[in-house]
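Per numbering that gives the first Met the number 0, the sequence shown starts with residue 0, numbered consecutively.
Where a beta carbon is used, it is the ideal one built from N, C-alpha and C, also for glycine.
Here the structure is a predicted model, which means the values were calculated and not measured.
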Amino acid sequence: MNRVEGRVKVTGLATYAAEYPVEAVAYAYPVQSLVAKGRIVRVHDAEAREMPGVLAVLSCEDPPRLAEDAEAELALFQSRDVAYRGQIVAAVVAGTYENARAAAAAVRVEYDPDDHDVALRTGHPGFYRPDVVNPNYPSDTVKGDVEAGLAGAAASVDVTYSTPVLHNNPMEPHAALAVWDPEGRLLVYDSTQGASPDRDTIAQTFGLPGEDVRVVSRHVGGGFGSKGSTRPHAVLAALAARAAGRPVKIALTRQQMFDVTGYRTPTIQRLRLGADAGGRLTAVEHVAYEQSSTLVEFAEQTATPARVMYATPALRTAHRLVRLDVATPSWMRAPGECPGMYALESAMDELACALGMDPVELRVVNDADAEPEGGLPFSSRNLVMCLREGARRFGWRHRDPEPGVRREGEWLVGTGVAASTYPSRRRPASAFVFVRDGDYVVQVAAADIGTGARTALARIAADTLGVPPDQVHVELGDSDLPEAPVAGGSMGTASWGSAVVRACEELRNGDGKEGRADTTGEVGNDAQLARHAFGAQFAEVRVSSVTGEIRVPRLLGVFAAGRIVEPELARSQFIGGMTMGLGMALMEETLTDEEFGGFLRRDLAQYHVPACADVPDVEAVWLDEQDGELNPMGSKGIGEIGIVGTAAAIGNAVHHATGHRVRDLPITPVRILSRF
Ligand code: MOS
């Protein structure tokens, strides 16, 4: 299927949050903190208030009312304390964007600054063990005796990797348009990954009943996690609209996005692996060090893939967190699995080198027939088939394992492999389907963030109803539609699709006119099983021995993700994830400003993401995997697994090409050249 919304998108008719035509709209522009820690002594806004078109100035001087239990990142202007540089500390509302921006620049905030600490570093005295890591895993696990397993190993590695702060850069900036009606009900057009949960959070933040808030987000230009939870811009739009007595629009600039829409926590990860002479693991230890803000504890689940991946008699995983004077980290494509598998799969490559063993074979001999940590059986697990199929397609058997010996002129050439994994979950959702003019209308408060959710759900409904997909019309992106979970955690299609199938079944088996479903009971009865998608990624790299430039002429991903609902959409998800993984491997890095706090590199001129020329040949294929333990479609989520393992495959290929192991991402020309 082609995307059902393709035509409105390419003709410019698809309406995004900031584009809804509303009468008498005003504009809000934030004022951001210039210190990383301290107290606001005074907000001097007299000059701004006199400037042309200014309708209101918001700050802690006269704090607008919000619920007392509002989340700290969303409780705008409620406190005089500054938690990070870039935090929104005031805002100006004016009749035009330009006037709002000019007046915001005239607001002077007087601070009583404190010393700040923004640097994640080994040995930080503030590290502690969080009770749980996201979404609700135990922080630490231990099985067997790691020290004994390492002591008895024929080969072992003890290596530390680091990954930097990373930022999502969806093409559509975070934007919201807030409209209050005379009865005090709030309508927010928001760029969000989930209208229902966004509605709930905004209602909670304002102390309103849920039915008094509506969120509309029919088209979203990417999110990757950064629009997975309510961000401050939406609260600011609603506060500003209340203060100005007019609808208010806010569209963050790219630079503001770097400050207030979350980021992937930097990590320091220590891996200790041991194996016997045949390559069988005797011990796995994965300890992750990460940061959160002083406002909110956000503990990323970085070491959790080690609990899933490989059979081992001794396994220890642990997470340590430090609260710094930084913005709160948030979701970024495959949070946890992505940086965690970078480290684990790089360490597996180092272990293969230490053993003199092929890295594909090392993974094959350590395949697990039950989840290594908890012993749960897998609903399906086809990692080995992905590795075998990938090796066949990539031409792996001709590979000379010797690193640093293939040279074509100035270019050193190498190949690398890594495994991928991501959980296959679903959440309760509801849906309504009915007949209109002989066609079928499916309603669900799902989000299409560029993934093609409309198209996938039309396909799922059509298959259940036994009609052609063009007879199905999907309505989504509105919290007034049947309640649905966020487009996140690779759970969207599995969750919404389950409800759509059940609603269509009810229509089919009932009066043929309408059907309604809520999968809360069904999802609650899912059997206890380990449900995960798996994959294998292969990379070829060319490294210039003169400039250190790294090119990736070939990327291949082979995935086992249950039934693929719609091949065109799936391919886009996989190659999009792999491309983002290439960015993580070689380009993407937000520098933290240790002197002043906040981030450096706050635009796309400096925060580099791959362009088409960087990915000449990226290929994704999948196995035909049957799994009856997932959901009515038999599908596993595919939004995130594509990014998992890519960076390790590329890093391993760089080692194979050059003989040098760069353990700190991104692998830049400077970092590789310094080894030559
Ligand atoms: Mo994804 S980071 O769960 O939106």
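Proximity below 8 Å, CB of residue i to CB of residue j
i	j	result
L375	A529	yes
A498	A455	no
G488	R562	no
V117	A35	yes
P231	E67	no
T266	A287	yes
S216	T191	yes
I640	A560	yes
G37	D157	no
M340	S419	yes
V441	E474	yes
G224	M331	yes
L270	A342	yes
R306	P371	yes
A351	A194	no
A239	T281	no
V187	A202	no
G148	G273	yes
K226	V234	no
V617	M579	no
N508	E299	no
V106	V56	yes
L554	A569	no
Bridge-paired residues (DSSP) for residue i
i	result
S58	A89
V686	Residue 686 lies beyond the range of the chain shown here (0 to 675); nothing can be said about it.
H472	V440
L314	K142, V283
R550	R541
V81	G37
E109	R41
P376	A369
Y136	V132
E513	F433
Residue i CB to nearest heavy atom of the ligand MOS below 7 Å
i	result
E639	yes
P334	yes
Q192	yes
M170	no
F223	yes
G227	yes
G488	yes
W621	no
W330	yes
Simplified DSSP state of residue i, which is helix, strand or coil
i	result
L411	strand
G273	strand
S497	helix
Y19	coil
L343	helix
R669	For the record, residue 669 in the displayed sequence is Val; it is not Arg. Residue state, collapsed to three classes: helix.
E182	coil
D199	helix
S634	strand
A560	coil
K8	helix
Start and end residues, beta strand (DSSP E) containing residue i
i	result
H43	37–43
H531	531–543
P334	Where P334 is concerned, there is no enclosing beta strand (DSSP E), given that its DSSP letter is neither H nor E.
G520	No beta strand (DSSP E) contains G520, which is instead part of the alpha helix (DSSP H) from 519–523.
A483	That residue, A483, is in no beta strand (DSSP E); it is neither H nor E in DSSP.
I640	Careful: I640 lies outside any beta strand (DSSP E) and carries neither H nor E.
T578	Unbroken run through T578 is the alpha helix (DSSP H), 566–585; no beta strand (DSSP E).
I459	Run containing I459: none in the beta strand (DSSP E); it sits in the alpha helix (DSSP H), 452–464.
E624	It is not in any beta strand (DSSP E) - E624 carries neither H nor E in the DSSP assignment.
Bounding residues of the alpha helix (DSSP H) (the contiguous stretch that carries residue i)
i	result
R362	358–364
Y96	96–105
G650	645–657
P29	Unbroken run through P29 is the beta strand (DSSP E), 25–31; no alpha helix (DSSP H).
R435	Unbroken run through R435 is the beta strand (DSSP E), 429–435; no alpha helix (DSSP H).
V383	382–393
A237	231–243
V259	253–259
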